[in-house]
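Heads up, the working numbering is the position in the sequence shown plus 1072, with the first residue counted as 1. This report concerns only the one structure given below.
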Amino acid sequence: MSSSNQKINTTSHVNVYQGSNLPRILSKPVVTVGTFDGIHKGHQALFNRMNDVAFRTGGETLVITFNTHPRVVLNHRHDIRMLNTFEEKIELIEKAGVENVWVLPFTRSLAETSAAGFVEDYLVGRAGVSHFVVGYDHTFGKGGKAQFGDLQKLAQKLGFTIEKIEAVLIDGKTVASTNVRDALIMGNIPAANKMLGYHYSLRGRIVRGNQIGKLIGYPTANLALTDPYKLIPATGVYACIIDWKGNSYKSMGNIGYRPTIHANQLTIEANIFDFDHDIYNHHVTIRFIERIRDERKFGSLQQLKMQLAYDKEMVLKIFGGGSISA
């Protein structure tokens, strides 16, 4: 198998293929296509529908996605901040029960392909689509010009069926990646998590900080992000969960520039409750539960220490006496 047409990962539930062609013929494929940055409840509804159709028809589910965000290629937008890393995206698609993921290289040539050309070449010619499922706002082909009606005509012409999933609403608002992103930027973690259907998280390696937290009785684990393109929520203090080696720990997190000690570099750190392990150079995941206050500058380390004691009480109230949820 050539490097341009490669099976890059297999777990117990999902096959991930990378390249311009699928290396095997799928059985009655139920297909969707998208960037899928920020797998949310709208996407989950789409995947659930695919699973239902595949179960009923004896077919296989296939998600077609891309190795790069289209805006990076088309607009040279290297400042884009992603809601999911590639690994997270695959994990979430797998968790939704999808059997196959085909990762296409997103190139200018692909972007120039018309909707009809993409459907004929990729969906029909290479994937052998049986049923095509699209989201409520799905546009297709060069410039995103093709609408659902255009796809219906192509489906009828080329011999497959198609359906559109309606928008998912939460608290009267459409679940969409843009709305999730806006909520995170504003620090509205509960709203973001509600739309996602899981806790928004960052992954990284624990690195040594300046030890100020340890000096005042609140030692922190400092996170160096695994993926620098991951969106970082608003600065402030958070109720968090740290996942490490299969265990989860209640934590008080901080995202900010630490103005009290005159630092000017954005840091992500967490004071992990009831925890005495040395985790330097270990990889952890920090899950965000709720933002409790803005970042503030204090007149002294003693004032900061007093505030942190109050912050910890607030975090513990948020968690209550129950166990940590997954």
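From the three backbone atoms N, C-alpha and C, an ideal C-beta is built for every residue, glycine too. Remember, predicted model here, so these are calculated numbers, not experimental data.
- With respect to the 7 Å criterion, G1308 and R1363 are classified as neighbours on the basis of their beta carbons.
- Excluding its 5 nearest sequence neighbours in each direction, G1114 has C-beta neighbours in its own chain below 7 Å: G1207, A1239, V1240, V1247, A1248, listed in chain order.
- Exclusion of the five residues before and after E1367 leaves T1307, G1308, G1328 as the residues of its chain whose Cβ lies within less than 6 Å of its Cβ.
- S1202 and L1388 have their C-alpha atoms some 51 Å from each other.
- Here N1336 is exposed: its Cβ has fewer than 16 other Cβ atoms, across all protein chains shown, within 10 Å.
- Sequence-distant Cβ neighbours of K1245 in its own chain, meaning closer than 7 Å and more than five residues away, are N1251.
- When the five nearest sequence neighbours on each side are left out, the beta carbons in the same chain lying within less than 8 Å of the beta carbon of A1168 are those of I1111, H1115, Q1116, F1119, N1120, N1123, in order along the chain.
- By the Cβ rule, the segment 1274 to 1282 does not count as touching the segment 1130 to 1142, because fewer than three pairs are nearer than 8 Å.
- Contact check between the segment 1293 to 1313 and the segment 1151 to 1159: three or more CB pairs, one atom from each, fall below 8 Å, which counts as touching.
- The straight-line gap separating the alpha-carbon atoms of L1223 and L1338 is approximately 45 Å.
- Shown here for I1344: same chain residues with a beta carbon closer than 7 Å to its own, the five before and five after excluded, namely A1293, I1314, Y1321, S1323 in chain order.
- I1162 and K1225 have their C-alpha atoms spaced approximately 31 Å apart.
- Taking the CA atoms as reference points, Y1290 sits about 13 Å from E1385.
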